[in-house]
Each structure stands twice: as C-alpha cells, then as structure tokens.
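**Student:** Below are the structure tokens for one structure; questions will follow.
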Amino acid sequence: MKKLIIANWKMNYGPIRAGGWIRAFRRERLPKDLDIAVAVPFVSLAAARASLGRASIPTLAAQDCFWANEGAFTGEISPTMLTEFGVGLCLIGHSERRANLGETDEMVARKAAAAQKAGLMPVICVGETAAQRKRGEAAKVVRSQVQTAIAEVKGDGKAPLVIAYEPVWAIGTGRPCSPLDAKEMHEQIRGVLRKKYGHLAEEIHIIYGGSVDTRNVAEYMTTTGVDGALVGGASLDPRNFGLICRAAVPA
Ligand code: PEP
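Structure (structure tokens):
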C-alpha cells in the first residue's frame, strides 16, 4: 500500500497565510509513490482550495467535523459542508480535542461514522497518555478507543478509514515513540481491525503521529505495520514538510 503523510496545521494559518503555504508546497519536488494530505483550519479551506486550483496534491483534509449534516448545532461544521470544499479526509478525535474539549470515544464514533457516510475518509486519532503507559495500560486503552470509534464505520467502500496512533506524550514534545513501540501498538490496532473487518483490515492505513520530523520519518516508514505519518509542528514550514515527504519515500 502507498504510504500516507498528513500535515496537521492545528490552529495555525488563517486564510491569508494558508494560500502561501499551499503555493510554496506545490513548488516542492514530491515522490509519486506517496499520498499526501494537509489538514487545515475550517476558515482556511476556501483559500487552500483556491490556491490548489485544479491540482489534487495535497488532498485537503479537515481537523474535525460534527456528527449531523445540518440543524440546530451552533458553531459546528458538518461533513457534507466539508465536501463542498473538496475535502477528502477528516481528522477525528485528535487528542488535543479530547483533552481540551472533552471529546469522548462515543463522540468520536459518531463523528467518524458521519464523516464516512458523507464520503470523507475519517482519520481516527487514538493514543494513550504518559500515565496510562506508565501503568502498563497503553495497549488496553488504545484497543478500546479503536473498538468504540469504529463501531459504525465500514471497512470498505469509497471512503474507508485511517487510524492514527498518536501517543499523547509524544505529540509536540520532541519525544517521539520508538519505532519498536509504535510497531507493537500498530499490531494491536491491526488486531482490532481484523476482528471487525476480516481481510479488509490489511488495506487500512495505520499511521503514526507524535514528533515526526525530517530526521526520524524514514525510520517510521521502514517499520513494519507503520503505513504513514501524521505530522504537526514539523509541517508548518512547507519546505520542511516537503523534505519529510521526500525522506518518507526515498527515490
Ligand atoms: C499532531 O498534531 O497530530 C502531531 C503529531 O503533532 P506533532 O507532530 O507536533 O507532535
């Protein structure tokens, strides 16, 4: 399967700067054998789309969506609204949302199912805290997060799903999870997917996120069971993100 690298700008770059990032990234030499997406703030989707023009790389992604398509949900953005911008993927349940906004596994499950139904590929983010890892509960926590999140998500069709394993303690800390630990957790996650989806589970991307940068990306990409990366801080500079993409798939 082709590797998948997703940039996550988090709450950075409004419409004015978003266009510049897209144009600069489009000038980068990019490996053909790689799927690339960029998750931009809602308010920057139109500018990013306009700067992309007819280009399809990178695919536009959103950082969240709601679980209903319309109605009395003040402030929320629906999956079908996102498709109007040509968004192809949507992060769901990023740990920063779980921690800051109290998103639960059940909310993540509803959002993931709604995103998929609208034709967006849900990128379901899971990961244990440092305390959970210390207590030896990491695998149990992550398996349970995945199980709940995929309850109503299909394993085939035009928009299947991605699981992003992002240990909370590795996000934005410069302290990444070792490739061996990531491999072990990806195996746990694959096991959960196999139980639900059977052989289709082999086609589902399980990507790693947490302090991925130009120096360590190649090691993750050559680790068995790691099908890509979700990149936060190191994606904010388009040239640096270009370097990451090139390092991910050496020529
Ligand atoms: C993220 O935002 O999902 C992430 C992994 O951030 P960082 O790469 O900065 O750790």
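Sequential numbering of the sequence shown, starting at 36, is according to this note's numbering. Glycine included, C-beta positions come from ideal geometry on N, C-alpha and C.
1. Note the first and the last residue of the continuous alpha helix (DSSP H) segment covering Cys280.
2. Mind checking which residues open and close the alpha helix (DSSP H) that includes Tyr255?
3. Nearer than 7 Å: is that true of the beta carbon of Val266 relative to any heavy atom of ligand 1?
4. Excluding the 5 residues preceding and the 5 following Met167 in the sequence, name in chain order all residues of the same chain whose CB lies nearer than 7 Å to its CB.
5. Return the CA-CA distance between Gly268 and Ile112, expressed in angstroms with no decimal places.
6. Of the choices Pro76, Lys218, Met36 and Val161, whose alpha-carbon is the least far from that of Lys45?
7. So, are the CB atoms of Ala355 and Pro202 less than 8 Å apart?
8. Taking 8 Å as the threshold (C-beta atoms), are Lys146 and Phe101 in contact?
9. Regarding Ser213 and ligand 1, is the C-beta to nearest heavy atom distance less than 7 Å?
10. How would you call His240, buried or exposed, if buried means at least 16 neighbouring beta carbons within 10 angstroms?
11. Does the segment 220-238 touch the segment 175-194, meaning 3 or more C-beta pairs lie closer than 8 Å?
12. Can the beta-carbon of Ala264 be found closer than 8 Å to that of Ile40?
13. For a test of the three-state rule: what should DSSP assign to Thr94, helix, strand or coil?
14. Quick check for students: name the residue ranges of the alpha helix (DSSP H) that lie wholly in the segment 68-145, counting only runs of 4 or more.
15. Rank Tyr255, Thr259 and Gly260 by C-alpha distance to the C-alpha of Val266 and give the top, closest one.
16. Spatial neighbours of Arg84 within its chain, please: CB distance less than 8 Å, with the 5 preceding and 5 following residues excluded, ordered by chain position.
17. Exposed or buried, what is Phe108 when buried is set at 16 or more other beta-carbons lying within 10 Å of its beta-carbon?
18. Expressed to the nearest angstrom, what Euclidean distance is found between the alpha-carbon atoms of Met156 and Met116?
19. Look at the alpha carbon of Arg133 and the alpha carbon of Val143, and state the distance between them as a whole number of angstroms.
20. Closer than 7 Å to a non-hydrogen atom of ligand 3 - does that hold for the CB of Glu201?
21. In angstroms, rounded to a whole number, what distance separates the CA positions of Ile185 and Asp140?
22. So is the beta-carbon of His129 under 7 Å away from any non-hydrogen atom of ligand 1?
23. Near Val247, what residues of its chain come up, given a Cβ to Cβ distance below 6 Å and the 5 sequence neighbours on each side ignored?
24. The alpha helix (DSSP H) that contains Ile185, what's its start and end?
25. With DSSP as the reference, please indicate the residues paired to Cys212 in a beta bridge.
**Tutor:** Taking the definition as stated:
1. Within the sequence shown, numbered from 1, the residue matching residue 280 stands at position 245. Pro273 to Ala283 is the span of the alpha helix (DSSP H), which, as asked, contains Cys280.
2. If you number the sequence shown from 1, residue 255 lands on position 220. Segment Val252 to Met256, the alpha helix (DSSP H) holding Tyr255.
3. Your numbering for residue 266 matches position 231 in the sequence shown. Yes, Cβ of Val266 sits closer than 7 Å to a heavy atom of ligand 1.
4. Position 132 of the sequence shown, counted from the first residue, corresponds to residue 167. Contrary to the premise, residue 167 reads as Gln rather than Met in this sequence. Hits under 7 Å: Ala173 and Val176.
5. The residue labelled residue 268 in the question sits at position 233 within the sequence shown. The residue labelled residue 112 in the question sits at position 77 within the sequence shown. Distance from the CA atom of Gly268 to the CA atom of Ile112, rounded to whole angstroms, is 24 Å.
6. Within the sequence shown, the letter at position 10 stands for residue 45. With distances taken between Cα atoms, Lys45 lies closest to Pro76.
7. The chain is shown only over 36 to 286; residue 355 falls outside these bounds and no answer can be derived.
8. Walking along the sequence shown from the start, residue 101 turns up at place 66. Walking along the sequence shown from the start, residue 146 turns up at place 111. Annotated as proximal: Phe101 and Lys146, with beta-carbon spacing under 8 Å.
9. Residue mapping note: residue 213 aligns to position 178 of the sequence shown, counting from 1. For ligand 1, no non-hydrogen atom lies closer than 7 Å to the CB of Ser213.
10. Translated into positions along the sequence shown, residue 240 becomes position 205. Buried, since its Cβ has 16 or more Cβ neighbours within 10 Å.
11. Enough Cβ pairs lie closer than 8 Å, so yes.
12. What you label residue 264 is simply residue 229 of the sequence shown in a count that begins at 1. What you label residue 40 is simply residue 5 of the sequence shown in a count that begins at 1. Contact flag set, yes.
13. Counted from its first residue, the sequence shown places residue 94 at position 59. Secondary structure of Thr94 (DSSP, three-state): strand.
14. Here the runs fully enclosed are 80-87, 114-118 and 130-136.
15. Taking the sequence shown and counting its residues from 1, the one referred to as residue 266 is at position 231. Nearest C-alpha to Val266: Tyr255.
16. The residue you call residue 84 lines up with position 49 of the sequence shown. The answer, listed in chain order, is Leu95, Phe120 and Gly121.
17. Position 73 of the sequence shown holds residue 108. Exposed.
18. Taking the first residue of the sequence shown as 1, we reach residue 156 at position 121. Taking the first residue of the sequence shown as 1, we reach residue 116 at position 81. The alpha-carbon atoms of Met156 and Met116 are separated by roughly 14 Å.
19. By one-based count along the sequence shown, residue 133 stands at place 98. By one-based count along the sequence shown, residue 143 stands at place 108. Using only the alpha carbons, I get a separation of about 9 Å.
20. Ligand 3 is absent from the structure shown, which contains only ligand 1.
21. Translated into the one-based positions of the sequence shown, residue 185 becomes position 150. Translated into the one-based positions of the sequence shown, residue 140 becomes position 105. The straight-line gap from Cα to Cα measures roughly 10 Å.
22. Taking the first residue of the sequence shown as 1, we reach residue 129 at position 94. Yes, since a heavy atom of ligand 1 falls inside the 7 Å radius drawn around the Cβ of His129.
23. Working through the sequence shown from its first residue, we reach residue 247 at position 212. In its chain, beyond the 5 residues on either side, Ala264 and Val266 have a beta carbon closer than 6 Å to the beta carbon of Val247.
24. In the sequence shown, the residue the question calls residue 185 occupies position 150. According to the DSSP assignment, Ile185 belongs to no alpha helix (DSSP H), since it is labelled neither H nor E.
25. Against the sequence shown, residue 212 aligns to sequence position 177. Answer is none; Cys212 lacks a bridge partner.
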